[in-house]
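Asker: Below: one structure in structure tokens.
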Amino acid sequence: MLTHFSEDTFGDKVSWCSIFSLKENRSQELKNLMHPGVPPDVAAFLQKDELFFNIVCSKETGYFDSLLIKSPEDIERSLLSLQAIPYPVIR
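Be aware that the sequence shown starts at 1, since it is given in the UniProt record's numbering, and climbs by one per residue.
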């Protein structure tokens, strides 16, 4: 979970975090995908029921938060169902 990362892990103004949700035994394939100097083709890499998340968290004015989710299949209905989950209020 992201809450287990130390604050020192992230940048001063903005932080990026990429997460692959893959099936078992795909670690070597993931390593092969991540060659320096060659942009990874995440869409071609992902298999059914796998996801890729890219999270951008801002810490200063002028920077923005964003969430990118890639899937090899249509997950719109699943994502829309998340809108019904109330956001917890922290007091």
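Every residue, glycine too, gets a C-beta built ideally from N, C-alpha and C.
(1) How would you write the range of the alpha helix (DSSP H) that Val42 sits in, first residue to last?
(2) Can you pull the DSSP bridge partners for Ser58?
(3) Are the CB atoms of Asp49 and Val56 nearer to each other than 8 Å?
(4) Lys70 by DSSP, collapsed to three states: which one?
(5) Between which two residues does the alpha helix (DSSP H) harbouring Leu82 extend?
(6) Have a look at Ala43, Glu29, Pro72, Tyr63 and flag the residue whose alpha-carbon is nearest the alpha-carbon of Lys13.
Answerer: Reading off the structure:
(1) 42-45
(2) Val14
(3) no
(4) strand
(5) 76-82
(6) Tyr63
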